[in-house]
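Undergrad: Numbering (our numbering), first residue to last: 828 to 977. Starting off with a structure, shown below.
Next comes the structure, spelled out in structure tokens:
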């Protein structure tokens with residue numbers, strides 16, 4: 828089981844940073860339309876230790892904002908960071924913009940089973956998670972996108 832350190836959520840996990848066998852990776856969903864019956868799959872690319880640490884710091888700043896937002900202490904106009912964390916958060920975002928990408932010369936194809944760890948959380952998009960990766964040789968044939976972008 829690997830740990831998910833940050834993720835984007837839109838009716839399911841769509842991308843983020845996790846480990847695969849202990850190696851930090853950036854991953855992206857290849858399911859373009861969540862309303863199709865196709866099988867979701869991901870591309871995983873290794874990232875540097877520096878990008879991994881920066882991502883964890885940025886995610887921590889977002890979690891601080893999100894906790895304050897959920898408690899009604901701050902409004903959506905401050906998303907995604909508290910005012911006192913905005914400068915550092917935006918600096919990290921800028922640094923990560925070109926580091927959290929799929930390397931077309933170094934990626935794996937995988938399906939994923941995401942498991943929530945944080946029993947206190949009511950919404951899955953705020954939960955801490957683990958992931959079980961199933962590495963594939965090719966995109967699943969049930970995916971309408973199987974012939975594209977590989």
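Quick reminder that beta carbons are idealized off the backbone N, C-alpha and C, glycines included.
For a test of the three-state rule: what should DSSP assign to residue 967, helix, strand or coil?
TA: Counting from 1 along the chain shown, the entry for residue 967 is found at position 140. Residue 967: coil per DSSP, three-state reduction.
Undergrad: Going by DSSP, what residues sit across from residue 962 in a beta bridge?
TA: Counted from its first residue, the chain shown places residue 962 at position 135. DSSP output for residue 962 lists 937 as bridge partner(s).
Undergrad: Taking one C-beta from the stretch 851-860 and one from the stretch 874-884 each time, how about it: are there three or more such pairs within less than 8 angstroms?
TA: The stretch 851-860 vs the stretch 874-884: in contact.
Undergrad: Around the Cβ of residue 961, are there at least 16 other Cβ atoms within 10 angstroms (buried) or fewer (exposed)?
TA: Looking up residue 961 in the chain shown gives position 134. Looking at its Cβ environment, which holds fewer than 16 other Cβ atoms inside 10 Å, residue 961 is exposed.
Undergrad: One question on the structure: do residue 840 and residue 927 come within less than 8 angstroms of each other, judged by their Cβ atoms?
TA: By 1-based counting over the chain shown, the position of residue 840 is 13. By 1-based counting over the chain shown, the position of residue 927 is 100. No, they are not a contact pair.
Undergrad: Look at the alpha carbon of residue 849 and the alpha carbon of residue 909, and state the distance between them as a whole number of angstroms.
TA: Translated into positions along the chain shown, residue 849 becomes position 22. Translated into positions along the chain shown, residue 909 becomes position 82. Their backbone Cα atoms lie some 31 angstroms apart in a straight line.
Undergrad: Bridge partners for residue 854 per DSSP, in chain order?
TA: To locate residue 854, count along the chain shown from 1; it is residue 27. Answer is 843 and 871, bridged to residue 854.
Undergrad: Would residue 882 be called buried (16 or more neighbouring beta carbons within 10 Å of its own) or exposed?
TA: Locating residue 882 in the chain shown gives position 55, counting from the first residue. Looking at its Cβ environment, which holds 16 or more other Cβ atoms inside 10 Å, residue 882 is buried.
Undergrad: Report yes if the C-beta distance between residue 942 and residue 918 is below 8 angstroms; otherwise report no.
TA: As a working mapping, residue 942 is identified with position 115 in the chain shown. As a working mapping, residue 918 is identified with position 91 in the chain shown. Result no, Cβ atoms of residue 942 and residue 918 do not sit closer than 8 angstroms.
Undergrad: Label residue 937 either buried or exposed according to how many other C-beta atoms from any shown protein chain fall within 10 Å of its C-beta, with 16 as the threshold for buried.
TA: Numbered from 1 along the chain shown, position 110 holds the residue referred to as residue 937. Buried, since its Cβ has 16 or more Cβ neighbours within 10 Å.
Undergrad: Got a sec? Which residues, its chain only, sit under 7 angstroms from residue 884 by beta carbon, not counting five neighbours each side?
TA: Numbered from 1 along the chain shown, position 57 holds the residue referred to as residue 884. Once the five neighbours on either side are set aside, the close Cβ partners of residue 884 are 919.
Undergrad: To the nearest angstrom, report how far apart residue 837 and residue 933 are at their CA atoms.
TA: Here residue 837 refers to the residue found at position 10 when the chain shown is read from its first residue. Here residue 933 refers to the residue found at position 106 when the chain shown is read from its first residue. Residue 837 and residue 933: Cα-Cα distance of roughly 26 angstroms.
Undergrad: With the cut-off set at 8 angstroms, would you say residue 835 and residue 846 are in Cβ contact?
TA: Indexing the chain shown from 1 puts residue 835 at position 8. Indexing the chain shown from 1 puts residue 846 at position 19. Their beta carbons are not under 8 angstroms apart, which means residue 835 does not touch residue 846 by this criterion.
Undergrad: Pick helix, strand or coil for residue 880, following the three-state DSSP scheme.
TA: If you number the chain shown from 1, residue 880 lands on position 53. Helix, per DSSP.
Undergrad: To which residues does DSSP link residue 836 through a beta bridge?
TA: Numbered from 1 along the chain shown, position 9 holds the residue referred to as residue 836. Residue 836 pairs with 840.
Undergrad: Which ranges does the alpha helix (DSSP H) cover as unbroken runs of at least 4 residues, wholly within the stretch 898-928, from first to last along the chain?
TA: 913-923, all fully within the stretch 898-928.
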